[in-house]
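Novice:
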Ligand code: PGA
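Residue numbers (the working numbering): 201 to 444.
The structure is reproduced here in structure tokens:
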């Protein structure tokens, strides 16, 4: 069973478009098997998107490490659960870049996420650059994993290998090939094993589209940004996943 996670980021611009997009995605994915899908809309659309989802799960793109109280602008795990959210993206490199999240902050969010029985979609690989070789990448992945998960009991987790340079909007000119993704996914699987986490799925994220998704089938799933805004593209991805 693969996992297909749609990260809409700060798109679209209206609630009406968000609902229409979710309906189109649901219609386009219907009939394909062998995967579970998660849609992560921006916070303001979570409620209305939920009302049209039939098969897909609901995810959020971030959450507060705090339970409740005077934290202006933040959204808590309890509030997300109340809206029907089951998955939360934690530590995305765009949050590290634009809101200066540290590994410690990400660890606190991870802790809050698991304490509330939400499934974290933890992103590893932020800050990597296109010129980093495999040895450097592995040492960064190991260090991030150790610092973020230190002292947290994790029952169930999705971890995404998502090097910053591979994200479509990074314009780095580099997209990893099949061998690279397979190697890093296996490396993360070993990290997970040594952390004694029972239920884990290791995903890949970065410039995935219908033309290249078959290269990344060594992963247990996919975190899809830009292409997830195009229901037809997701349909073509679902078709390929269901053939594997
Ligand atoms: P992308 O984004 O698919 O547009 O590269 C992936 C992500 O940032 O999660």
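Backbone N, C-alpha and C define an ideal beta-carbon position, used for all residues, glycine too. In this text, all values refer to a predicted model and were calculated from it rather than measured experimentally.
1) For residue 207, which three-state DSSP category applies?
2) Hey, residue 261 and residue 235: beta-carbon distance below 9 Å or not?
3) Would you report the Cα separation of residue 206 and residue 424, rounded to the nearest angstrom?
4) With 16 as the cutoff for other CB atoms within 10 Å, does residue 245 come out buried or exposed?
5) By the three-class DSSP mapping on this structure, what secondary structure does residue 423 have?
6) Please work out which residues of its chain come closer than 7 Å, Cβ to Cβ, to residue 400, disregarding the five sequence neighbours upstream and downstream, and give them in chain order.
7) Could you check which residue in 309, 437, 227 and 404 has the C-alpha nearest to that of residue 350?
8) When the Cα atoms are used, what is the spatial distance from residue 237 to residue 333?
9) From residue 410 to residue 270, what distance separates their C-alpha atoms?
10) Report the residue from 240, 209 and 404 whose alpha carbon sits nearest the alpha carbon of residue 388.
11) What's the gap between the Cα of residue 303 and the Cα of residue 208?
12) Consult DSSP for residue 267 and reduce its assignment to one of helix, strand or coil.
13) For residue 267, count neighbouring Cβ atoms within 10 angstroms of its own Cβ and tell me buried if that reaches 16, exposed if not.
14) Beta strand (DSSP E) containing residue 361: first to last residue?
15) For residue 202, is the classification buried or exposed, using 16 other Cβ atoms within 10 angstroms of its Cβ as the cut-off for buried?
16) Could you check whether residue 292 and residue 326 sit closer than 9 Å to each other, using their CB atoms as the reference points?
17) Does DSSP classify residue 367 as helix, strand or coil?
18) In chain order, what are the residue ranges of uninterrupted beta strand (DSSP E) at least 3 long that sit wholly in the segment 274 to 302?
19) Should the segment 219 to 232 be regarded as contacting the segment 280 to 287, the criterion being three or more beta carbon pairs within less than 8 Å?
20) How many Å lie between residue 336 and residue 397 at the Cα?
21) Take residue 314 and list the residues in its own chain whose beta-carbon comes closer than 6 Å to its own, dropping the five residues that flank it on each side.
22) In whole angstroms, what is the alpha-carbon distance linking residue 298 and residue 249?
23) Shorter than 8 Å, the distance from the beta carbon of residue 369 to the closest heavy atom of ligand 1, or not?
Specialist: According to the structure shown:
1) strand
2) no
3) 5 Å
4) buried
5) strand
6) 357, 359 and 392
7) 309
8) 32 Å
9) 44 Å
10) 404
11) 23 Å
12) coil
13) exposed
14) 356 to 361
15) buried
16) yes
17) coil
18) 287 to 290
19) no
20) 24 Å
21) 354
22) 26 Å
23) yes
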